[in-house]
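Chains as they are written, first to last, in the numbering used here: chain F, 23 to 278; chain L, 23 to 278.
The beta-carbon is built from N, C-alpha and C at its ideal position, and this holds for glycine as well.
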DNA sequence: TTTTTAAGTGTGTAATTGACACTAAGTGTT
DNA sequence: AACACTTAGTGTCAATTACACACTTAAAAA
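See below:
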């Protein structure tokens, strides 16, 4: 096995942080500002929150740290989904400019391990931290051109989310503790980008045993108040449910 | 964002190479020999084939290179499944000894991006290459303690394989071009570790449209000769099948 | 000719899916 | 007080899919 001196790409983690509000899926993006020597105006652009992995932490810890520094939250659903490592990742002028300011060796190649996080966006209190002065929730349909290969990473995350949601009960992570059946259905419809039948959806969810009805109902809504439900976090995490079957309309399963 | 001088783990790829022969799933492992200064006998142990990622290649290319150097094959099913990056990965004395001999900086931390490959093991002609003088196919039930965290990686790959096989028609990659229905069923039974009903399996496979019957049959077997089938590689890869439904007995689907 | 071995084939029952429309329970308005 | 408005909540039937199950067939070997 041969070793050349240049065999040392850096390793970073990037977090694709999903939230759900106003009936849309959103990404939490940070704004980076780059001094523009030509126009004397600063350029700025959006990027995924991320950081280099430190010597004393593993990948999951690095991702959790990034998430915590940005949102103040820990114990969040956070799952690695893919590593990205094209040598040509850094081609945009803005990216180079930003790296000049922040990295020891701006030309070093970086491999990034991408994570997706699912957050109840109400819980997020953006902290003006070390990453960025500004962070915003942007609807996934309105995500602009991002730095580096972050558009690829975001799209990969969305695809991974769509797949995971069909295999594991994780969508709940995007909702508050208590939610109505309609909240849940709207969330699934948003993620899967298709309409679901109300009665079939309720039946499926209730039969699956992943949620429990609370006695409590909505108050102060100008229509029939909806019942609240909670996700059975313990049951699911301990495998106490056995396998769950929540097949939706328009199946594309192969095996199971 | 702060930058410390030690923020530069190396990046490697490791390949978990699956094969299927004599009704067992096997892994292709390489044997490493480490000079043992105490006993004056050389120690040896098995490991996953892998290598550091080079400056001019992306991760997929690095994995394909490792596979090709070891087996001489390219165009093989090869899919990234997880990155592993614990700072404590290298704790075993043998690993350290081996690294001493082969790496510039034996103490540097290495992040590895793990791939799984599915091979028709008949095609493999082990090349006495740069990695190892010896490589062997070991049944997954007989994989010994491997170097580094390669046991974790192998187990992760097996889990990933079990999941993928239920979502995509990829098991075929482990069989020769032509195979019988029984070959295919045995393969699925081996991967899923459960028995499947013969009639239901045939019906499912044939209805799915992923395989085509050949006119040809077995010759020289001392029982009713089985028909040969081929996998419809083109159809599946071009999405020409639309979605496929090959749900097996004992479902654990959630959504679809 | 008989034995041995694995291939190949069909049906009935149970469970699940999916399509479909009305009533119920609140708030706000007149 | 009556009515309008809005969203919650409920049941059935038909079609599909899953699953369990046992005998016949084709070849080689004895």
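- Nearest CB-CB separation between residue 222 of chain F and chain L: not below the 8 Å threshold.
- Residue 223 of chain F: member of the alpha helix (DSSP H) spanning 220-230, first to last residue.
- As a beta-bridge residue in DSSP terms, residue 161 of chain F pairs with F:48.
- Residues 95 of the same chain have their beta carbon placed closer than 7 Å to that of residue 145 of chain L, with the five preceding and five following residues left out of the count.
- Between the beta-carbon of residue 184 of chain F and that of residue 141 of chain F there is about 17 Å, and that puts the pair past the 8 Å contact cut.
- Under the 8 Å Cβ criterion, the region 45-65 of chain L does not count as touching the region 78-87 of chain L, having fewer than three qualifying pairs.
- Partner residues in the beta bridge of residue 32 of chain L, as assigned by DSSP, are L:132.
- Within the model, the alpha-carbon separation for residue 211 of chain F versus residue 218 of chain F is close to 7 Å.
- By the beta-carbon neighbour count (other beta carbons within 10 angstroms, threshold 16), residue 171 of chain L is buried.
- Not one beta carbon of chain F lies nearer than 8 Å to the beta carbon of residue 52 of chain L.
- Interface annotation for the region 85-111 of chain L against chain F: 102, 104, 105, 107, 108, 109, criterion Cβ-Cβ distance under 7 Å.
- Secondary structure in the region 81-122 of chain L: the beta strand (DSSP E) runs of 3 residues or longer, each lying completely within the stretch, are 99-106 in chain order.
- Between residue 194 of chain F and residue 207 of chain F the beta-carbon gap is near 13 Å, outside 8 Å, which marks them as no contact.
- Taken in chain order, the unbroken stretches of beta strand (DSSP E) that lie wholly in the region 184-208 of chain L and span 3 residues or more are 200-202.
- Per the DSSP secondary-structure output, residue 246 of chain L pairs with nothing in a beta bridge.
- DSSP lists L:253 as the bridge partner or partners of residue 233 of chain L.
- DSSP places residue 178 of chain F within a helical segment (H, G or I) once states are collapsed to three.
- Relative to residue 240 of chain F, the option among F:248, F:234, F:225 whose CA is nearest is F:248.
- Sequence-distant Cβ neighbours of residue 117 of chain F in its own chain, meaning closer than 8 Å and more than five residues away, are 169, 170.
- Comparing alpha-carbon positions, the option among F:253, F:127, F:70 lying closest to residue 192 of chain F turns out to be F:253.
- Contacts with chain L at 8 Å (Cβ-Cβ) include residue 79 of chain F.
- From the listed residues F:88, F:70, F:66, the smallest Cα separation to residue 76 of chain F is found for F:88.
- Between residue 175 of chain F and residue 106 of chain F, the C-beta gap is smaller than 8 Å, which places the two residues in contact.
- Taking each of F:40, F:234, F:85 in turn and checking the Cα distance to residue 179 of chain F, the smallest one comes out for F:40.
- Each of F:238, F:49, F:256, F:114 was checked against the Cα of residue 201 of chain F, and the nearest Cα belongs to F:238.
- Within its own chain, the residues whose Cβ lies closer than 6 Å to the Cβ of residue 84 of chain F, once the five positions on either side in sequence are excluded, are 35, 75, listed in chain order.
- Against chain L, the CB of residue 133 of chain F has a partner CB under 8 Å away; the residue lies at that interface.
- Using a Cβ-Cβ cut-off of 8 Å, residue 56 of chain F does not count as an interface residue toward chain L, since no Cβ of chain L sits closer than that to its own.
- The contact set of residue 165 of chain F on chain L, defined by CB atoms closer than 8 Å, is empty, because the minimum CB distance reaches about 22 Å.
- Within 10 angstroms of the beta-carbon of residue 244 of chain F lie fewer than 16 other beta-carbons, which makes it exposed.
- The Cβ of residue 38 of chain L sits no closer than 8 Å to any Cβ of chain F.
- It is roughly 8 Å from the alpha-carbon of residue 49 of chain F to the alpha-carbon of residue 165 of chain F.
- Interface flag for residue 252 of chain F against chain L is unset, since no Cβ pair is found closer than 8 Å.
- Taken atom to atom, the span from the alpha-carbon of residue 147 of chain L to that of residue 108 of chain L is near 34 Å.
- Annotated three-state conformation of residue 124 of chain L is helix, per DSSP.
- If you draw a 10 Å sphere on the C-beta of residue 235 of chain F, you find fewer than 16 other C-beta atoms in it, and that means exposed.
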